[in-house]
Amino acid sequence: MTTDPKAIQPSELDQLPDRDPEETAEWQASLDAVTKAAGPHRAAYLMRRTLERAEGAGLALPKLLETDYVNTIPTSAEPAVDGDEAMEQRITAWNRWNAAAMVTRGSKHGVGGHIATFASAAWLYETGFNHFFKGKEGDGSGDQLYVQGHASPGIYARAFLDGRLSEEQLDNFRREAGGNGLPSYPHPRRLPWLWEFPTVSMGLGPISAIYQARFNRYLTSRGIKDLTDSHVWAFLGDGEMDEPESTTALTLAAREGLDNLTFVINCNLQRLDGPVRANFKIVQELEALFRGSGWNVIKSLWGTAWDELFQLDTTGALLRRLREVPDAQVQTYQTRDAAYIREDFFGKDPQLAEMAKLLSDDKILECFHYSRGGHESRKVYAAYKAALAHKGAPTVILAQTVKGHTLGRGFASKNANHQMKKLSVDEFKEMRDLLGLPIADSA
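Now the structure itself:
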């Protein structure tokens, strides 16, 4: 089989010397043959595998800017998690509850607050606190955290559970006039013993974290203070990454080789008033941006419930469908019933339609409503551990979540949930049941 020369567009490769044109033609003919015999998806897979092998062999090739819409770390490669997983689940459930209760109480006085952000990001913080973040004991350096501003209620809830904040202080959330209140957002001037860095306005956290990591390297290399064991963590929102300050120093971090820096981007696909990218995929866009800037990228998108679906996908049809569905439709699936998902997601491809016949309605709802990489401690643990192990470049973790997760049907994935400041009694009961908390109806 020969390649139609009209189908080959001029490229920069035409300017490079070809030492063996016949061998080149044979490789191209082989690719054409696979495409014709097995289809374009098989040919693309072989090319991806070949590029992967070339990268492993140290060949100087441009890196792919996007990968498939799956977890970077397969389930089989996830490390074992030390600790009591059941206890961590229970602690996180109470932190979720207390964060929601604190904001709801505050809304009685008209001061509001944000509930849905921490609900989506809870495991991103809790896994760090339980297993990775280093405190200030010893020489006082430890890790440095830039906490997403709208997630502050969850940090206050954990401090309350630790005995560092009183119930009275939680009741004074956003009521600072009396001198005993808690500030809306992280700021060391307002609460210096708890907050180390300000992160609001949006975009302040990422650029500050980059220069903090760079300054830590400066102090260490000049013998002023040894911060070799300190790590800078920046927790950000996917909508926040549209702020100019969020991305302006990405290439600097890569050039400086700041492997003491990790961005954790909570990809709940929503900004303050709607989808981040309604007709596109923000995770893929961010992956390309960071890879192109020289960062190590780890995607944690799907939870354990999806493992069965990926095992059933012997043709790659599921991967292709996940990659083509825009974010707004993903949000729609999170609020619709199994029949709709069967028809709209699976029904557009005959191979997926056959797969759907093997899945119960409960399984489909578990996958599309709840199971996200950012909602499982094991997935987050694997991503954090891989980030710390990577050397030579900063790492970004793209963790997919559901905004309003565990807050019930009235909150999860609703476009207005960022502005929803309180839960009703019935919504608290639904949240209680989802979290399995031993709270009586009369409480």
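Taking the working numbering, the leading residue of the sequence shown gets 192, the next gets one more, and so forth.
Where a beta carbon is used, it is the ideal one built from N, C-alpha and C, also for glycine.
Assuming residue i and residue j form a contact by the criterion Cβ under 8 Å, report the distance between their Cβ atoms to the nearest whole angstrom.
i, j, result
"Leu-480", "Ala-291", "About 33 Å; that fails the 8 Å criterion."
"Thr-263", "Lys-490", "5 Å"
"Thr-318", "Val-571", "4 Å"
"Leu-492", "Tyr-260", "7 Å"
"Asn-459", "Ser-311", "4 Å"
"Phe-454", "Leu-418", "Not a contact, Cβ separation roughly 19 Å."
"Gly-394", "Gly-494", "Wrong, their Cβ atoms sit about 30 Å apart, outside the cutoff."
"Ala-425", "Gly-396", "5 Å"
"Gly-340", "Thr-390", "5 Å"
"Ser-399", "Ser-332", "Contact doesn't hold; Cβ gap of about 17 Å is too wide."
"Phe-537", "Ala-547", "4 Å"
"Pro-270", "Lys-594", "With 8 Å as the limit, Pro-270 and Lys-594 do not qualify as a contact, their Cβ atoms being about 28 Å apart."
"Gln-542", "Ala-603", "Actually they are not in contact, since the Cβ atoms of Gln-542 and Ala-603 sit about 29 Å apart, beyond 8 Å."
Using alpha carbons as the reference points, say which of the options lies closest to residue i.
i, options, result
"Thr-258", "Arg-514, Asp-632, Arg-563", "Arg-514"
"Val-423", "Asp-353, Val-261, Trp-384, Gly-326", "Gly-326"
"Gln-475", "Lys-620, Gly-465, Ile-456", "Ile-456"
"Glu-387", "Phe-320, Asp-417, Asp-334, Leu-463", "Asp-334"
"Ala-544", "Tyr-524, Val-521, Leu-509", "Leu-509"
"Pro-629", "Tyr-531, Ala-573, Ala-284, Ala-342", "Ala-284"
"Val-521", "Val-587, Ala-235, Val-467", "Val-467"
"Asp-498", "Glu-557, Ala-277, Leu-315, Ser-392", "Glu-557"
"Ser-484", "Val-587, Tyr-409, Asp-553", "Val-587"
"Gly-465", "Glu-478, Asn-487, Thr-438, Glu-431", "Glu-431"
"Phe-324", "Leu-589, Leu-579, Gly-595, Phe-351", "Leu-579"
Considering residue i, what are the terminal residues of the beta strand (DSSP E) in which it resides?
i, result
"Ala-590", "586-591"
"Ser-491", "487-491"
"Gln-335", "335-337"
"Gly-483", "Taken as a continuous stretch (DSSP letters only), Gly-483 belongs to no beta strand (DSSP E), being part of the alpha helix (DSSP H) at 473-483."
"Phe-454", "452-458"
"Ala-444", "Element bounds for Ala-444: not the beta strand (DSSP E) but the alpha helix (DSSP H), 441-446."
Determine the burial state of residue i: buried for a count of at least 16 other Cβ atoms within 10 Å of its Cβ, exposed for fewer.
i, result
"Ala-631", "exposed"
"Gln-502", "exposed"
"Asp-528", "exposed"
"Phe-471", "exposed"
"Val-616", "exposed"
"Glu-359", "exposed"
"Arg-240", "exposed"
"Pro-196", "In this predicted model, Pro-196 has a pLDDT of only 45, less than 50, meaning its place in the structure is not dependable enough to derive any value."
"Ser-633", "exposed"
"Asn-286", "buried"
"Met-192", "Residue placement at Met-192 is poorly supported in this model, since its pLDDT is 44, which falls under 50; the coordinates still yield a value, given next. Label assigned to Met-192: exposed."
"Ser-562", "buried"
"Phe-406", "exposed"
"Lys-582", "exposed"
"Glu-203", "exposed"
"Thr-592", "buried"
"Glu-534", "exposed"
"Lys-605", "buried"
"Asn-289", "buried"
"Glu-567", "buried"
"Leu-250", "exposed"
"Gly-297", "buried"
"Arg-366", "exposed"
"Pro-377", "buried"
Need the endpoints of the alpha helix (DSSP H) that residue i sits in, please.
i, result
"Tyr-531", "529-532"
"Met-278", "276-298"
"Glu-621", "616-626"
"Ile-346", "343-352"
"Phe-309", "307-318"
"Asp-330", "Where Asp-330 is concerned, there is no enclosing alpha helix (DSSP H), given that its DSSP letter is neither H nor E."
"Gln-233", "Residue identity differs from the one stated: residue 233 is Arg in this sequence, not Gln. Start and end: 231-247."
"Lys-570", "568-580"
"Phe-501", "498-503"
"Asp-518", "518-524"
"Gln-542", "541-547"
"Ser-267", "Looking at the DSSP string, Ser-267 is not in any alpha helix (DSSP H), and its letter there is neither H nor E."
"Lys-613", "Unbroken run through Lys-613: none, as it is neither H nor E."
"Leu-509", "508-515"
"Thr-438", "435-438"
"Ile-165", "The structure shown does not extend to residue 165, since the chain is modelled only from 192 through 634, so no value can be given for it."
"Lys-554", "552-556"
Between residue i and the ligand SAM, is the CB less than 7 Å from at least one heavy atom?
i, result
"Trp-486", "As for the ligand SAM, it is missing from this structure, which has no ligand bound."
Extract the residue ranges of the beta strand (DSSP E) inside the stretch 357-431, only unbroken runs of 3 or more that lie entirely within it. 423-428
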